[in-house]
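**Q** Just so it is clear: in the sequence shown, position 144 is 144 by full-length UniProt numbering, and no numbers are missing. Virtual Cβ for every residue (Gly too), placed ideally from N, Cα, C. For reference, the structure I am asking about is given below.
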Amino acid sequence: MAGSKITSGNTKPKYEACVKPQEITDKFKIMMRKALKAQKMVLLKRADDLLVWEDLEQDDFHKVFNFKGNEVIKIRKNGEDTGKRMQARMVMIDGVRRIMKIANGLTMDSFKNYTGCGKFAAFVEPQLDPPYIVNIGKNFESRDGKENAITGADSHVSTLCHEMSHIFWYWGNHDDGGMWTQDYTAIDKFSEGDGDEVSYAKHFSVANELVKLHKDQLFENAYNIERYFQVKLSDVDIDSADENKLSDEVNNKISELGKKQKSEI
Numbered sequence: 001m002a003g004s005k006i007t008s009g010n011t012k013p014k015y016e017a018c019v020k021p022q023e024i025t026d027k028f029k030i031m032m033r034k035a036l037k038a039q040k041m042v043l044l045k046r047a048d049d050l051l052v053w054e055d056l057e058q059d060d061f062h063k064v065f066n067f068k069g070n071e072v073i074k075i076r077k078n079g080e081d082t083g084k085r086m087q088a089r090m091v092m093i094d095g096v097r098r099i100m101k102i103a104n105g106l107t108m109d110s111f112k113n114y115t116g117c118g119k120f121a122a123f124v125e126p127q128l129d130p131p132y133i134v135n136i137g138k139n140f141e142s143r144d145g146k147e148n149a150i151t152g153a154d155s156h157v158s159t160l161c162h163e164m165s166h167i168f169w170y171w172g173n174h175d176d177g178g179m180w181t182q183d184y185t186a187i188d189k190f191s192e193g194d195g196d197e198v199s200y201a202k203h204f205s206v207a208n209e210l211v212k213l214h215k216d217q218l219f220e221n222a223y224n225i226e227r228y229f230q231v232k233l234s235d236v237d238i239d240s241a242d243e244n245k246l247s248d249e250v251n252n253k254i255s256e257l258g259k260k261q262k263s264e265i
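Here it is, written out as structure tokens:
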């Protein structure tokens, strides 16, 4: 994808720096360790929002998706209606739980260094089972000469959440895996390979249109899903967070979200 993420259906870019991972340097480890910590903090924030679900949390959800939490949406896979229906809030409770499980299972070995490649920010191979690998490109750390933020819009955290949302459900256990999202290139179309890829600006525009037109396809579009995780945190708070404590908190919240899902069935 030009200047941004790589679509879930794409193969690796055909450039030497893009097909051969670089050495995992101390700089790379520091960047990814901080990004993963921040991601867990944002996921915990959103999990709490979905569980507390007072007026402030509901309004925030509506601003991102233009859907109220109790609106019923179609669950799609590969653009096709599965016949399953869920309330929008429950879709995101399930989604946050899934991304939490993926993020909490990652280590520094889960990240491959392609930062010599300027063709993408990150990509996963969503059809693969764990252990998951997240490939990190140059546009993850900076774009157009400007360093990307850890949190907020078009940040390390939103990019990681975008990519982890692409991961398929497990075939044997649909409670595990990612959200099985796509990268929509039009209102009713998503990218399935290099031949139909579009620019980052086009993906951004399509995400806006899905929100404006109140299309529930946006819950299958990673460019819309990532917006829920564009929560701004301070560097001081991220740096001071204890990694082990965060992992324990995420595990506890995964359990809490799962119980909430079961109580709504």
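1) Y132: buried (16+ other C-beta within 10 angstroms of its C-beta) or exposed?
2) Starting from E80 and walking both ways along the beta strand (DSSP E), at which residues does that stretch end?
3) Who are the near neighbours of T25 in its chain, counting only those whose CB is closer than 8 Å to its CB and skipping five residues on each side?
4) Could you check the C-alpha separation between G177 and D48 for me, to the nearest Å?
5) On the three-state DSSP scale, how would you describe Y15?
6) Suppose you measure from the CA of R119 to the CA of E125; what does that come to, to the nearest Å?
7) Under the rule that 16 or more other beta-carbon atoms within 10 Å means buried, what is L94, buried or exposed?
8) Taking 8 Å as the threshold, find out whether the segment 38 to 53 comes into contact with the segment 142 to 161 through three or more Cβ pairs.
9) Can you find a CB in chain C that lies within less than 9 Å of the CB of I265?
10) Taking the C-alpha atoms as reference points, what is the distance between E57 and E249?
11) Which of helix, strand or coil does DSSP assign to S22?
12) Take the Cβ of D183 as the centre, count every other Cβ of all protein chains shown within 10 Å, and call the residue buried at 16 or more, exposed below.
13) Is DSSP giving T181 helix, strand or coil here?
14) Given a threshold of 16 other Cβ atoms within 10 Å of its Cβ, counted over all protein chains shown, does I30 qualify as buried or as exposed?
15) According to DSSP, is I102 part of a helix, a strand, or is it coil?
16) Could I get the ranges of all uninterrupted alpha helix (DSSP H) runs contained in the segment 135 to 163, with 4 residues as the minimum, in chain order?
17) Evaluate the contact criterion for the segment 217 to 227 versus the segment 62 to 76: three or more CB pairs, one atom per stretch, below 8 Å.
18) What three-state label does DSSP hand Y228 in the structure shown?
**A** According to the data block:
1) Counting Cβ neighbours within 10 Å, Y132 comes out buried, since at least 16 surround it.
2) In the DSSP annotation of this structure, the continuous segment of the beta strand (DSSP E) that includes E80 starts and ends at E80 to Q87.
3) Counting only Cβ-Cβ distances below 8 Å, and skipping sequence neighbours, we find N113.
4) Straight-line spacing of the CA atoms in G177 and D48 works out to 21 Å.
5) In this prediction, Y15 has a pLDDT of 49, which is less than 50 and means its spatial position is unreliable; nothing more can be read from the coordinates.
6) The sequence given here places Lys at residue 119; Arg does not occur at that position. Spanning the two alpha carbons is a distance of roughly 16 Å.
7) What sits at residue 94 in the sequence shown is Asp, not Leu. By the neighbour-count definition (other C-beta atoms within 10 Å, threshold 16), D94 is a buried residue.
8) Yes, they touch.
9) The question asks about chain C, but that chain is absent: this structure has only one protein chain.
10) Cα to Cα, E57 sits roughly 20 Å from E249.
11) According to the sequence displayed, residue 22 carries Gln and not Ser. Three-state result, Q22: strand.
12) Flag for D183 reads buried.
13) The three-state secondary structure of T181, taken from DSSP, is coil.
14) Flag for I30 reads exposed.
15) Here I102 sits in helix by DSSP.
16) Fully enclosed alpha helix (DSSP H) runs of 4 or longer: 138 to 141.
17) A contact exists between the segment 217 to 227 and the segment 62 to 76.
18) Here Y228 sits in helix by DSSP.
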